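Undergrad:
Quick look at the structure:
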């Protein structure tokens, strides 16, 4: 059976990370876009990261340009934007597709585990998935859902 820990991804700096590195820790996995109207959610994601990282929470950001071209072409621009505007220090990964035939295998797995309200696919930027410390995809949050509204569920897994 496939697990979240069977996947790897390439960080913004080019290093490959196996998600098994985060075994035993709750995770938030989110597809992001710097130029999206939901980009202010970076601030709340960063706040959750800072508040709960010592207790094990890991936030993983995956930029995607699949929704109205709302991500920079250059990864350096993306990272600079996230750090300068929102102080993002949680792990960010290279830009990936999150839906369609070329979707990153991690996102294919995530949507197969937790369907959306009207579709299985990722509908928009800032779809968030909560992963428990055992690696189970326990909840999917809509793009418009504030990351702060995830806090109670997150604390259940710390």
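In this note's numbering, the protein residues as written are 1413 to 1570. Note that CB positions come from ideal geometry on N, CA and C, so glycine has one too. Remember, it's a predicted structure, so these values are computed and weren't measured experimentally.
1) By the three-class DSSP mapping on this structure, what secondary structure does residue 1542 have?
2) Alpha carbon to alpha carbon, how far is residue 1567 from residue 1457?
3) So is residue 1501 buried or exposed if we call it buried at 16+ other beta carbons inside 10 Å?
4) Applying the criterion that 16 or more other CB atoms from any shown protein chain within 10 Å of the CB defines a buried residue, is residue 1515 buried or exposed?
5) Would the segment 1448–1457 and the segment 1537–1544 be scored as touching if the rule is three or more Cβ pairs under 8 angstroms?
6) Quick check on residue 1464: does DSSP put it in helix, strand or coil?
TA: In short, the structure shows the following:
1) strand
2) Cα-Cα distance, rounded: 14 angstroms.
3) exposed
4) buried
5) yes
6) Under the three-state reduction of DSSP, residue 1464 is assigned to helix.
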